[in-house]
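Peer 1:
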Amino acid sequence: MRGLIFGFAGILTLSVAVSAYSQEIIETKTHRLEIVADGVYFATGNGALHTMSNALIIERDDDIVLVDSHITPSAGRALLESIRTVSDKPVTTLINSHFHYDHSYGVPAFGDIQIIGHEYTREKLSHEPLNDPTYQFSLTRFNNTLAALEARLADTGDPTERAEIQSRIEYWQAHIKAQEENDPAPPTISMSDRMTLFAGGREIQIHFFGRAHTGGDVAVYLPQEKIVFTGDMLLGRPSFMGDGYVSEWSQTLENLKQLDFELILPGHGPAFTDRERINHIQAYYRDFNTEILRLKEAGLSAEEAAARADLRAYKNTLGINQLGADLRAVKRVYALKNKTAD
Ligand SMILES: [Zn+2]
């Protein structure tokens with residue numbers, strides 16, 4: 135194991151909650167690999183390139199099962215390179231936590247492997263995924279970020295600041311360029327409620343607990359290690375709701391809580407152990423839905439509701455300081471109420 139260092143992951147990285155666990159961390163060129171159990175590594179990007187989401191590397195006797203593949207084939211290749219610092223076993227199986235581009239577009243980096251995902255994920259990734267509105271929205275955001283940096287560069291004379299902006303411009307240019315290679319592949323094996331892999335000395339359970347962040351989020355659970363990778367169905371904070379089922383989400387998390395886990399590995403942000411946080415997030419989704427429907431029934435447009443929604447009761451628990459809500463989340467709640475969303 136090259137580059138092994140010891141650290142307290144909870145203290146080094148957590149902005150959400152300080153976790154009680156401490157882990158060995160392997161630093162690679164592009165990733166931090168936290169050893170969360172023997173042969174199980176939680177991979178997070180170190181900022182050298184745009185990985186956008188977390189991944190989980192599960193070593194078995196003769197191969198590796200990977201959960202999520204990052205946002206582009208280029209980021210996927212960087213992940214594979216990082217995997218090679220801890221194991222030379224082949225990556226044979228990939229599990230997609232959900233269909234979103236930032237978790238699933240890295241797939242081509244891993245060649246011809248089996249991909250497991252929920253049938254909803256297969257459906258979404260089988261029909262022109264590159265035209266998906268959530269992906270298209272992100273492309274616009276990437277381009278806007280680059281344009282804003284270029285405008286700042288044009289306005290700045292200070293050489294140190296110019297060099298710093300220039301390096302960020304190159305980072306975003308590389309990320310935007312990397313999108314050209316995107317060629318998403320749907321799961322080759324789909325599942326509905328539950329699937330378990332028993333091979334190679336490791337039990338890997340894949341659970342669908344109900345609709346949440348999308349219509350097909352799965353949690354990957356290692357019962358012996360008491361670890362669960364939750365994708366975006368559960369982060370240390372509220373997740374993006376624009377493709378979500380906000381009124382059902384809290385119950386889905388209630389179902390997830392029936393698993394006996396001690397460590398939660400989310401699709402974004404640091405690992406955490408605090409179960410109480412799940413309760414706050416459940417309550418937040420319930421209150422969010424109620425608040426938006428209240429504004430809708432009062433006759434407000436989605437834009438007005440997004441400006442006025444008040445979830446500041448979650449200031450202390452989830453850091454919601456400001457009035458207002460994400461417009462895409464509000465539009466989603468409106469559309470589901472009108473039954474114009476799928
Ligand atoms: Zn997502």
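According to this note's numbering, the stretch in the sequence shown is residues 135 to 476, in order.
Glycine included, C-beta positions come from ideal geometry on N, C-alpha and C.
If you're wondering where the values come from, they're calculated on a predicted model, not measured in any experiment.
#1: Where do the N-terminal and C-terminal ends of the alpha helix (DSSP H) with L457 fall, by residue?
#2: Is D366 near ligand 1, in the sense that its beta carbon is under 6 Å from a heavy atom of that ligand?
#3: Could you spell out where the alpha helix (DSSP H) holding T279 opens and where it closes?
#4: Please go through the stretch 151-208 and give each complete beta strand (DSSP E) segment of 3 or more residues, from N-terminal end onward.
#5: Does any CB atom of chain D fall closer than 7 Å to the CB of M375?
#6: Would you identify the three-state DSSP class for R345, choosing helix, strand or coil?
#7: Taking the straight line between their C-alpha atoms, what separation do you get for E315 and P263?
#8: So, with DSSP's three-state summary, where would you put Y379?
#9: Keeping to the same chain, check which residues put their C-beta closer than 8 Å to that of M325; ignore five residues upstream and five downstream.
#10: Could you give the DSSP three-state label for G240: helix, strand or coil?
#11: If I'm right that D197 touches G335 with Cβ under 8 Å, what's the distance once you round it to whole angstroms?
#12: If you draw a straight line from the C-alpha of L434 to the C-alpha of K360, how long is it?
#13: Is it the case that the CB of H261 approaches a heavy atom of ligand 1 more closely than 6 Å?
#14: Taking buried to mean at least 16 other C-beta atoms within 10 Å of its own C-beta, is N265 buried or exposed?
#15: Using DSSP bridges, identify the partner residues of G433.
#16: Give me, in chain order, the residues of the same chain whose beta-carbon lies closer than 6 Å to that of R462; leave out the 5 immediate sequence neighbours on both sides.
#17: Please check the pair G365 and H184, which I expect to be a contact at CB under 8 Å, by giving their CB distance rounded to whole angstroms.
#18: How big is the Cα-Cα spacing for P478 and E431?
#19: Enumerate, from N- to C-terminal direction, the unbroken beta strand (DSSP E) stretches of 3 or more residues contained entirely within the stretch 383-433.
#20: Let me know the secondary structure DSSP gives L369 once reduced to three states.
#21: Tell me the rounded alpha-carbon separation between L331 and I338.
Peer 2: Reading it off the structure:
#1: Counting from 1 along the sequence shown, the entry for residue 457 is found at position 323. Note, L457: premise wrong, no alpha helix (DSSP H); not H, not E.
#2: Along the sequence shown, one-based indexing puts residue 366 at 232. Yes, ligand 1 has a heavy atom inside 6 Å of this Cβ.
#3: Counted from its first residue, the sequence shown places residue 279 at position 145. T279 -> alpha helix (DSSP H) spans 267-289.
#4: 157-161, 165-171, 174-179, 189-193, 198-201
#5: In the structure shown, chain D does not exist; there is a single protein chain.
#6: Here the question's residue 345 lines up with position 211 in the sequence shown. Here R345 sits in coil by DSSP.
#7: Taking the first residue of the sequence shown as position 1, residue 315 is located at position 181. Taking the first residue of the sequence shown as position 1, residue 263 is located at position 129. Taking the straight line from one Cα to the other gives about 14 Å.
#8: Residue mapping note: residue 379 aligns to position 245 of the sequence shown, counting from 1. Of the three classes helix, strand and coil, the one that applies to Y379 here is coil, per DSSP.
#9: Within the sequence shown, residue 325 is the residue found at index 191, counting from 1. For M325, where only same-chain residues beyond five positions count, the Cβ hits under 8 Å are I250, G251, H252, E253, I340, F342, V352.
#10: Locating residue 240 in the sequence shown gives position 106, where the first residue counts as 1. Coil.
#11: As a working mapping, residue 197 is identified with position 63 in the sequence shown. As a working mapping, residue 335 is identified with position 201 in the sequence shown. Contact flag wrong, Cβ pair sits at about 11 Å.
#12: Mapped onto the sequence shown, residue 434 falls at position 300. Mapped onto the sequence shown, residue 360 falls at position 226. The alpha-carbon atoms of L434 and K360 are separated by roughly 45 Å.
#13: Within the sequence shown, numbered from 1, the residue matching residue 261 stands at position 127. It does not: the Cβ of H261 is nowhere closer than 6 Å to a heavy atom of ligand 1.
#14: Reading the sequence shown from its first residue, position 131 is the one you call residue 265. N265 is exposed by the Cβ-count criterion.
#15: If you number the sequence shown from 1, residue 433 lands on position 299. Answer is none; G433 lacks a bridge partner.
#16: Counting from 1 along the sequence shown, the entry for residue 462 is found at position 328. Answer for R462: G376, listed in chain order.
#17: Taking the sequence shown and counting its residues from 1, one reaches residue 365 at position 231. Taking the sequence shown and counting its residues from 1, one reaches residue 184 at position 50. That pair is no contact at about 18 Å.
#18: Any answer about residue 478 is impossible in this case: the structure gives the chain only from 135 up to 476.
#19: 397-400
#20: Residue numbering aside, residue 369 sits at position 235 when the sequence shown is read from its first letter. L369: coil per DSSP, three-state reduction.
#21: The residue given as residue 331 occupies position 197 in the sequence shown. The residue given as residue 338 occupies position 204 in the sequence shown. Straight-line Cα distance between these residues: approximately 5 Å.
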